[in-house]
Each structure stands twice: as structure tokens, then as C-alpha cells.
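Heads up: the structure comes next, in C-alpha cells.
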Amino acid sequence: MENLKKIPKKEMKLLEPSYYQNEDVVYLAKDLLGKVIITNIDNMVTSAEIVETEAYNGINDKACHAYNNRRTKRTSAMYKRGGVAYVYICYGMHHLFNVVTGRENEPQAVLIRAVKPLDGINAMLARRKKNTLQRSLTAGPGALCQALGITKEINETPLTSELIGIYGVFNNYREDDIQISKRVGVAYAEDDALLPYRFRVKGSKWTSLAK
DNA sequence: CAAACGATTTTCT
DNA sequence: GAAAATCGTTTGG
Numbered sequence: 012m013e014n015l016k017k018i019p020k021k022e023m024k025l026l027e028p029s030y031y032q033n034e035d036v037v038y039l040a041k042d043l044l045g046k047v048i049i050t051n052i053d054n055m056v057t058s059a060e061i062v063e064t065e066a067y068n069g070i071n072d073k074a075c076h077a078y079n080n081r082r083t084k085r086t087s088a089m090y091k092r093g094g095v096a097y098v099y100i101c102y103g104m105h106h107l108f109n110v111v112t113g114r115e116n117e118p119q120a121v122l123i124r125a126v127k128p129l130d131g132i133n134a135m136l137a138r139r140k141k142n143t144l145q146r147s148l149t150a151g152p153g154a155l156c157q158a159l160g161i162t163k164e165i166n167e168t169p170l171t172s173e174l175i176g177i178y179g180v181f182n183n184y185r186e187d188d189i190q191i192s193k194r195v196g197v198a199y200a201e202d203d204a205l206l207p208y209r210f211r212v213k214g215s216k217w218t219s220l221a222k
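Heads up, this note's numbering is the position in the first sequence plus 11, with the first residue counted as 1.
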């Protein structure tokens, strides 16, 4: 799976909205590993394989922005029917990209935490102001958004649009291929901070480092 | 209206 | 390993 350009077009399968409407956000967080994000933003096409995700499981998950059914301008995207983007700004400077899942008014989402660069690497390097292709280009939720050109401009955009789509191309990883751990940076979530909702492709050099 | 803080990244020591 | 950078969103008065 070295270069997306080598994949025959007929094997590129855009994930349909129904895919995202599965109510099991933990299942989707695992199933999204190996899927390919393709963006066409600012006249630059970039693509990358998802290698690390986290599940945010709705109103009963203390780590979720929509915990306790909190509805604000920021969280409204998560209440949409699955299949749109939820992009918000963290620490005043980083955009974080989530895939909204589940039914309307059930605010679940999958945070994309790391990707493996495929096409458009020069564009990614330029956006990140880097010269070499290495993990730091796209490891970390803020970093990959910068590389792929994802900003809050595309908040609530369908993942079947001209700007961004997710494709099933290569493989589905098996349980054995997935490393499961606690989520990152959610210590405030008390007992829910311990939930095993973080998923990484085992052995991938493109995920964040083990903790 | 003021204040606190964050699903992070980078740089410095 | 520690700390700064930096501001939109949320909450409280």
C-alpha cells in the first residue's frame, strides 16, 4: 500500500453516509483504521491512511464535548447525523478533525489522531513547513489537520463532498492488528479517562509513540 | 463582561 | 522533561 496512485480506480470506494450511521462508535473507530482520507482544499489534493483514532461516545462519556447532552455552538456538529466533519480549535491554534457517527441527536464522533501520508506529500510538507517526510508530518490530531488542509471551514461538511472524502481502499485491520489503550489528554474525564477507546495500527511507524 | 481552560505542538533546557 | 505559545469557546458573575 505504498502509493495511492497505483490503486485501480474501481477499487476506490467512497464510504457512503450509511456507513457512518452505525450506532457503535467504538466499532467505527476501529473500522476506520486503514481507510483513506482524500482532501481537495486550496487546489491541493492530499491523501493519507488513517492509522490512529479515538472514540467519543456521546452524552454518557465524560470525555466527550457533548457529555450530559451539552449543546453549544461548538458541539452542534456532533448532533448531526453521522457522516459529516466535526472540526474545532484546541489550545487556540490547532484544528482537530473528527468523523461524526451515529444517528441524528446522538452526539458520537471519532477523533482522527494520526495518518500515514500517501499522495500530495509536497503539499503536506509545505503546509507544515517541513522538509523531510517523517512521523512528525502527520502524527497527532493537530498536525494531520494542518498537513491535509483541514480547518474549521469544513466543520459540518459531509464526508462525501468535493473537499473531503473517506475511502475504503486497502484493508480492514483485524483485532490482532490493533493496539488498544486509554485516550490521550482527557484526564478531566475521571473514570471515563480509563476507557479503552484509543486505537492504533500495531507496528505502524506513523502513529504517535506508545505510552 | 471577565476569566479559565483545553481531545496540542514546538521549542528550549 | 518542562514550559511556552495562543485564542475560541464556555462558564460564571
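C-beta: ideal position from N, C-alpha, C; glycine also.
A quick note: this is a predicted structure, and the numbers were derived from the prediction, not measured.
Short Cβ contact (7 Å threshold) for residue i with residue j
i	j	result
residue 125	residue 62	yes
residue 93	residue 111	yes
residue 127	residue 59	yes
residue 219	residue 150	yes
residue 77	residue 208	no
residue 27	residue 69	no
residue 73	residue 203	yes
residue 37	residue 119	no
Rounded separation between residue i and residue j - CA only
i	j	result
residue 180	residue 156	21 Å
residue 64	residue 45	11 Å
residue 166	residue 97	5 Å
residue 140	residue 103	19 Å
residue 25	residue 169	12 Å
residue 101	residue 146	21 Å
residue 160	residue 43	20 Å
residue 75	residue 212	23 Å
residue 186	residue 80	31 Å
residue 191	residue 182	19 Å
residue 39	residue 214	20 Å
residue 142	residue 130	16 Å
residue 23	residue 30	15 Å
Beta-carbon contacts of residue i that lie in its chain and below 8 Å, excluding the five residues immediately before and after
i	result
residue 114	32, 34, 92, 93
residue 82	90
residue 106	98, 99, 100, 153, 156, 157, 161, 162, 163
residue 71	78
residue 144	128, 132, 136
Residues near residue i by beta carbon distance below 7 Å, same chain, minus five either side
i	result
residue 205	193
residue 51	173, 174
Anticipated Cβ contact below 8 Å, residue i with residue j, distance rounded
i	j	result
residue 56	residue 49	7 Å
residue 233	residue 163	Because residue 233 is not part of the residues shown, which for the chain are 12 to 222, the question remains open.
Beta-carbon contacts of residue i that lie in its chain and below 6 Å, excluding the five residues immediately before and after
i	result
residue 177	26, 46, 48, 170
residue 108	98, 123, 156, 161
residue 85	99
Subject >> the region 78 to 90 / the region 127 to 143 touching (three or more Cβ pairs under 8 Å) >> reply: no
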